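So the structure is just underneath, and the comments pick up after that.
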Amino acid sequence: MTTRYTKDHEYIRVEGDTGTVGITDYAQAQLGDVVFVDLPEVGKAIEKGKEAAVVESVKAASEIYAPVSGEVIAINEKLPDAPTFVNEDPAGAGWFLKLRIKDASELDALMSEADYKAYLETIS
Amino acid sequence: MADTSHAALKTVLHAAHLAAGAKMVAFAGYDMPLQYQSGIMAEHLWTRQSAGLFDVSHMGQAFLIGPDHQTTAAALEALCAADISGLKPSQQRYSQLLNDEGGILDDFMVTRLPSETHDGTLYLVVNAACKDADYAHIEARLPADVKLVRKDFALVALQGPLAAAVLESLAPGIGDMAFMTSRTLQLGDIWVQASRSGYTGEDGYEISVQANDAPTLWDVLLADERVKPVGLGARDSLRLEAGLCLYGHDIDGTTSPVEATLAWSIQKRRREEGGFPGAARIQRELRDGPARKRVGLLPEGKLPAREGAAIETEEGETVGIVTSGGFGPSIGRPVAMGYVAAAHAIPGTRLHLVVRGKPLLASVVPLPFVPKSFVKPAPLKEPA
Numbered sequence: 001m002t003t004r005y006t007k008d009h010e011y012i013r014v015e016g017d018t019g020t021v022g023i024t025d026y027a028q029a030q031l032g033d034v035v036f037v038d039l040p041e042v043g044k045a046i047e048k049g050k051e052a053a054v055v056e057s058v059k060a061a062s063e064i065y066a067p068v069s070g071e072v073i074a075i076n077e078k079l080p081d082a083p084t085f086v087n088e089d090p091a092g093a094g095w096f097l098k099l100r101i102k103d104a105s106e107l108d109a110l111m112s113e114a115d116y117k118a119y120l121e122t123i124s
Numbered sequence: 125m126a127d128t129s130h131a132a133l134k135t136v137l138h139a140a141h142l143a144a145g146a147k148m149v150a151f152a153g154y155d156m157p158l159q160y161q162s163g164i165m166a167e168h169l170w171t172r173q174s175a176g177l178f179d180v181s182h183m184g185q186a187f188l189i190g191p192d193h194q195t196t197a198a199a200l201e202a203l204c205a206a207d208i209s210g211l212k213p214s215q216q217r218y219s220q221l222l223n224d225e226g227g228i229l230d231d232f233m234v235t236r237l238p239s240e241t242h243d244g245t246l247y248l249v250v251n252a253a254c255k256d257a258d259y260a261h262i263e264a265r266l267p268a269d270v271k272l273v274r275k276d277f278a279l280v281a282l283q284g285p286l287a288a289a290v291l292e293s294l295a296p297g298i299g300d301m302a303f304m305t306s307r308t309l310q311l312g313d314i315w316v317q318a319s320r321s322g323y324t325g326e327d328g329y330e331i332s333v334q335a336n337d338a339p340t341l342w343d344v345l346l347a348d349e350r351v352k353p354v355g356l357g358a359r360d361s362l363r364l365e366a367g368l369c370l371y372g373h374d375i376d377g378t379t380s381p382v383e384a385t386l387a388w389s390i391q392k393r394r395r396e397e398g399g400f401p402g403a404a405r406i407q408r409e410l411r412d413g414p415a416r417k418r419v420g421l422l423p424e425g426k427l428p429a430r431e432g433a434a435i436e437t438e439e440g441e442t443v444g445i446v447t448s449g450g451f452g453p454s455i456g457r458p459v460a461m462g463y464v465a466a467a468h469a470i471p472g473t474r475l476h477l478v479v480r481g482k483p484l485l486a487s488v489v490p491l492p493f494v495p496k497s498f499v500k501p502a503p504l505k506e507p508a
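Chains as they are written, first to last, in our numbering: chain A, 1 to 124; chain B, 125 to 508.
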């Protein structure tokens with residue numbers, strides 16, 4: 001199991017051909033208090049770099065992009081009632097959706113955890 | 125995702141915000157605190173239960189100075205629809221600068237300073253984003269014997285149910301001030317001009333202070349454990365729950381005070397006499413009702429509708445637009461305001477707010493979303 005990261009602060013945790021997508025701790029801190037997550041329907045095909053979900057914080061709506069292309073096979077049904085999971089445990093209970101990854105080679109373009117940490121150093 | 129752009133202008137409290145770990149944001153050309161470390165939700169709720177301290181020094185403060193009250197008041201009455209000549213010394217009013225079509229150039233607070241010391245002086249507080257345009261507009265229309273004098277005072281707001289108690293410990297008697305009145309007083313050893321007003325729907329004060337005294341005042345107020353600093357994020361959610369307009373969003377050069385349901389700010393004499401910019405439209409709207417109206421909108425469910433969302437009937441006909449929308453921390457659900465055609469402005473009307481192509485069911489509701497907690501206004505008549 002590996003986790004890959006985007007420059008837009010999404011993560012995808014890969015297990016076989018399935019990826020669990022969410023936002024990083026850095027992203028949740030930037031967004032502030034999350035009040036709602038607008039998730040796609042299960043079965044929807046989403047495309048790398050295109051909108052996968054929208055996070056509503058008190059102050060704004062922010063688009064979350066798909067790290068790789070794939071079909072949505074599950075969404076986090078708990079988020080509507082517990083959006084604060086995104087702030088409290090973004091890598092765990094605050095996950096957004098699971099994808100069936102269409103093309104595993106797209107993962108190669110994403111950052112490893114070490115690369116992402118180095119990237120955070122450059123922007124903070 | 126993060127906006128790392130930095131605005132050129134700073135208030136005199138900028139260093140204090142950075143020291144407190146504020147997340148800064150560009151607003152009206154200023155680098156301002158969006159939130160402090162506890163976050164918008166916590167700051168909002170703290171203001172409703174205790175006392176929140178806001179730096180609003182980016183706002184424009186100015187004096188209109190003429191030979192006597194009636195002359196200065198007449199000069200301002202030529203630009204807005206409020207009764208300024210009828211202001212009593214130390215009384216404050218809310219009004220709007222109007223264009224010739226009766227649209228709103230800016231909204232502002234005006235205070236008549238005490239006659240003994242400042243006869244003929246009105247104190248204005250205008251929006252940061254509008255202040256240069258406002259001052260130019262006002263100066264171009266003043267008679268020769270009335271001058272506009274810009275002041276570089278700092279301005280802080282202490283808002284919330286415990287604001288008066290906090291200030292009482294520094295200035296005994298301040299809690300007796302009536303709503304929408306102003307007083308010159310000392311907080312500790314700092315001279316300030318305090319008015320009992322605000323932009324949160326809570327009781328509270330806006331405190332104008334010499335810029336070089338502001339950092340000390342900020343620290344003195346924060347030393348009280350009932351007080352926490354609050355940024356622009358919660359300022360916006362607080363005013364939205366309180367049903368208060370944000371200039372450039374809920375009101376602008378196309379909206380009239382009547383459409384914006386601000387007709388309460390046009391006193392009887394002015395309604396009857398007219399004599400303000402756009403009087404023909406505004407008097408007609410007062411008589412016949414406006415074609416569109418600002419309303420409160422309560423979405424069902426948990427998805428907020430933001431500014432710009434179209435408002436449709438349940439049959440899909442577009443009847444308006446959302447001008448402010450977000451999440452209301454105190455009521456724990458999304459809230460919005462917008463303009464709708466008058467026929468759809470009746471409380472209880474069910475409408476759709478279109479968010480990312482999806483129609484959200486919402487009801488028209490009376491404003492505010494949370495009850496206002498102001499103290500009583502000043503008596504209208506002088507005691508016999």
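For each residue, glycine too, the CB sits at the ideal point set by N, CA and C. Every value quoted in this text rests on a predicted model; they were computed, and no experiment measured them.
- Of B/Leu-203, B/Gly-450, B/Thr-442 and B/Asp-360, the smallest CA-CA separation from B/Ile-262 is found for B/Leu-203.
- Within chain B, Lys-147, Leu-158, Gln-159, Gly-163, Ile-164, Met-165 and Gly-357 have C-beta atoms less than 9 Å from the C-beta of A/Gly-32, given in sequence order.
- Counting other Cβ atoms within 10 Å of its Cβ, B/Leu-282 reaches 16 or more and is therefore classed as buried.
- The three-state reading of DSSP puts B/Cys-204 in strand, counting E and B together.
- Look at B/Leu-341 here: in three-state DSSP terms it is helix.
- The criterion of a C-beta distance shorter than 9 Å is satisfied by B/Pro-353 and B/Leu-177.
- For B/Gly-377, no chain A residue has a C-beta closer than 8 Å to its own C-beta; the minimum C-beta separation is roughly 25 Å.
- In the displayed model, B/Leu-356 falls within a helix according to three-state DSSP.
- Within the region 224-255 of chain B, the runs of alpha helix (DSSP H) at least 4 residues long that lie entirely inside it are, in chain order, 239-242.
- Runs of beta strand (DSSP E) with 3 or more residues, each lying fully within the region 289-355 of chain B, are found at 306-311, 314-319, 328-333 and 351-353, listed in chain order.
- Contact annotation: B/Arg-416 and B/Val-459 have beta-carbon atoms that are not nearer than 9 Å.
- Of B/Ala-152, B/Asp-269, B/Ala-140 and B/Leu-137, the smallest CA-CA separation from B/Gly-372 is found for B/Ala-152.
- Around the beta carbon of B/Asn-336, a 10 Å sphere encloses fewer than 16 other beta carbons of the protein chains shown; the residue is thus reported as exposed.
- Here the alpha carbon of B/Pro-495 sits roughly 7 Å from the alpha carbon of B/Ala-366.
- The C-alpha of B/Ala-387 is placed about 16 Å away from the C-alpha of B/Gly-377.
- At a C-beta separation below 9 Å, A/Glu-56 has these neighbours in chain B: Lys-426, Leu-427, Pro-428, Arg-430, Gly-450, Phe-451 and Pro-458.
- Between the region 245-265 of chain B and the region 135-142 of chain B there are fewer than three C-beta pairs closer than 8 Å, too few to call the two in contact.
- For B/Gln-216, the uninterrupted beta strand (DSSP E) segment begins and ends at 216-222.
- In the structure shown, A/Arg-100 falls within a strand segment according to DSSP collapsed to helix, strand and coil.
- In this structure, the beta-carbon distance from B/Pro-428 to B/Gly-398 does not fall below 9 Å.
- B/Met-148 sits in a strand when the DSSP states are folded into three classes.
- What A/Pro-80 touches in chain B, judged by beta-carbon distance under 8 Å, is Lys-426, going in chain order.
- At a beta-carbon threshold of 7 Å, the residues of chain B lying near A/Phe-36 are Lys-426, Leu-427 and Pro-428, ordered along the chain.
- Taking C-beta atoms under 8 Å as the contact rule, B/Ala-198 and B/Ser-181 fail to qualify, at a distance of about 30 Å.
- For B/Lys-417, the enclosing beta strand (DSSP E) covers residues 416-423.
- Distance between A/Asp-103 and A/Glu-15, taken at the CA atoms: about 14 Å.
- Taking a cut-off of 8 Å for Cβ pairs, the region 477-496 of chain B and the region 429-438 of chain B touch, as three or more such pairs fall below it.
- Note on B/Thr-171: 16 or more other CB atoms within 10 angstroms of its CB, so buried under the neighbour-count rule.
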